[in-house]
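A short write-up of the structure that comes next.
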Amino acid sequence: MDFSNVGDNIKQLRKTFGLSQKELAEGICTQAQISKIENGSIYPLSTTLYLISRKLGVDVNYFFDICETPRLDYAQEVILLIQEYKRKRDYEKIYRIVKAEKTNPVFQTLRNKQFLVWHEGICLYYLKKNSEECLRLLKQSLDMTLSAIVSLREIEILNSIAIIHCEEKNFVGANKYFEKAIKHYEVLPYKNDASIIIRIYYNYAKSLSITSEYEKSIDYCNRGIRLCRSNETLYSLGELMYHLGYNWLNLGHQVKAIQYMKESIQIFELQQNQPFIDYVVAEIANISDDQNLEKG
């Protein structure tokens with residue numbers, strides 16, 4: 005293994021998260037040792053590297069991948085491309101990439117292989133409707149970690165498993181995986197990407213509504229909304245706001261439902277998301293018509 009790049013990557017991650025050397029060293033080692041690790045004068049012990057990885061919110065395998073993968077930049081580019089196609093729901097392209105990269109030496113490290121297995125499972129469901137093989141691969145990818153601490157990636161895989169259960173109308177099974185993902189997220193020492201847990205809260209809230217657990221769904225909608233506001237992000241905020249209104253509607257509070265749905269429209273307007281605007285406007289019109297019928 006070539007450890008020469010580890011120190012530089014620790015430095016880059018530390019700066020990305022706005023930590024000083026002193027803050028990173030706290031509870032792990034001395035500031036002087038962090039300085040020497042970053043400039044390549046010394047290599048960290050495996051225990052030190054593990055504690056550093058926890059504080060930086062990455063899996064310790066990330067640093068071993070740097071040592072093992074001669075073209076880590078290529079692997080990262082492929083991963084980013086797959087993530088982009090996943091946002092667009094272009095599973096055909098993801099599947100082609102996964103098939104092409106499975107035998108690539110760059111993707112033979114455990115962490116890179118985990119990523120491919122995870123996304124192969126997702127593709128098998130959406131392209132071939134093979135839920136059994138999909139779930140087998142997702143659970144296999146979940147086990148492909150050397151760390152005792154569940155990382156953000158494993159939490160995302162748990163979310164994927166829950167979503168497949170939702171697609172298969174197994175909402176009780178789905179909720180167990182959503183709860184497991186939330187539990188693991190809550191004990192992460194450093195939570196650097198709020199978008200993951202916001203997405204899980206939203207998915208869980210939708211599943212809870214389907215099982216008529218509206219009050220609990222409202223709680224998770226509110227958790228997601230608070231996180232969006234504290235992180236100053238619009239990510240999923242409109243969807244959460246709409247779903248909050250949907251829950252209140254099902255509890256018989258039409259006025260409150262319309263209020264939250266109108267707030268969701270304001271967010272969708274900022275995002276220029278016309279399909280969602282049209283959908284919510286139509287929903288509000290239906291609720292208003294029902295109210296008028298009741299009055300009549």
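Going by our numbering, the first residue of the sequence shown is number 5, and it counts up by one from there. Glycine included, every Cβ here is placed at the ideal spot set by N, Cα and C. Treat the numbers as computed from the prediction; the structure is a model and nothing was measured.
Would you please state the rounded distance, in angstroms, between the beta carbons of residue 139 and residue 165? I believe it to be under 8 angstroms.
Start at 1 with the first residue of the sequence shown, and residue 139 comes out as number 135. Start at 1 with the first residue of the sequence shown, and residue 165 comes out as number 161. Sure, about 7 angstroms apart at Cβ, within 8 angstroms.
Within the same chain, show all residues whose beta-carbon is closer than 6 angstroms to that of residue 225, passing over the 5 residues directly before and after it, in chain order.
If you number the sequence shown from 1, residue 225 lands on position 221. Only 209, 244, 247 and 248 meet the Cβ criterion.
Rounded to whole angstroms, what is the Cα-Cα separation between residue 63 and residue 122?
In the sequence shown, residue 63 corresponds to position 59, counting from 1. In the sequence shown, residue 122 corresponds to position 118, counting from 1. If you take the alpha carbons of residue 63 and residue 122, they lie about 16 angstroms apart.
Closest Cα partner of residue 288 within the set 252, 274 and 277:
Here residue 288 is taken as the residue at index 284 of the sequence shown, counted from 1. Checking every option, the nearest Cα to that of residue 288 belongs to 252.
Exposure label - residue 242; buried when at least 16 CB within 10 Å
Looking up residue 242 in the sequence shown gives position 238. Residue 242 comes out buried.
Suppose the cutoff is 7 angstroms on Cβ atoms and the five residues either side in sequence are ignored; what does the same chain contact list for residue 197 look like?
To locate residue 197, count along the sequence shown from 1; it is residue 193. Excluding positions up to five away in sequence, the list reads 156.
Contacting residues, own chain, Cβ-Cβ under 6 angstroms from residue 231 (five flanking each side not counted):
For this step, residue 231 is matched to residue 227 along the sequence shown. So the qualifying residues of the chain are 198 and 202.
Quick check on residue 191: buried or exposed, where buried means 16 or more other Cβ atoms within 10 Å of its Cβ?
In the sequence shown, residue 191 corresponds to position 187, counting from 1. Under this definition residue 191 is an exposed residue.
Can you list, in chain order, the residues of its chain with a C-beta nearer than 6 angstroms to that of residue 215? Leave out the 5 residues immediately preceding and following it.
The residue given as residue 215 occupies position 211 in the sequence shown. Only 175 meet the Cβ criterion.
Measuring straight from C-alpha to C-alpha, what distance separates residue 281 and residue 261?
The residue you call residue 281 lines up with position 277 of the sequence shown. The residue you call residue 261 lines up with position 257 of the sequence shown. In a straight line, the C-alpha of residue 281 is about 16 angstroms away from that of residue 261.
Closest Cα partner of residue 238 within the set 222, 217 and 268
If you number the sequence shown from 1, residue 238 lands on position 234. Cα-wise, what sits closest to residue 238 is 268.
Is the separation between the beta-carbon of residue 57 and that of residue 47 shorter than 8 angstroms?
In the sequence shown, residue 57 corresponds to position 53, counting from 1. In the sequence shown, residue 47 corresponds to position 43, counting from 1. Not closer than 8 angstroms, so no.
Do you know how far the Cα of residue 50 is from the Cα of residue 101?
As a working mapping, residue 101 is identified with position 97 in the sequence shown. As a working mapping, residue 50 is identified with position 46 in the sequence shown. When rounded, the distance between both Cα atoms is 33 angstroms.
If we call anything under 8 angstroms between Cβ atoms a contact, is residue 99 one with residue 131?
Residue 99 sits at position 95 when you count from the first residue of the sequence shown. Residue 131 sits at position 127 when you count from the first residue of the sequence shown. The Cβ atoms of residue 99 and residue 131 lie closer than 8 angstroms to each other.
For residue 272, which residues from the same chain have a beta carbon less than 6 angstroms from its beta carbon, with the 5 sequence-adjacent residues on both sides left out?
Start at 1 with the first residue of the sequence shown, and residue 272 comes out as number 268. 242, 280 and 281, listed in sequence order.
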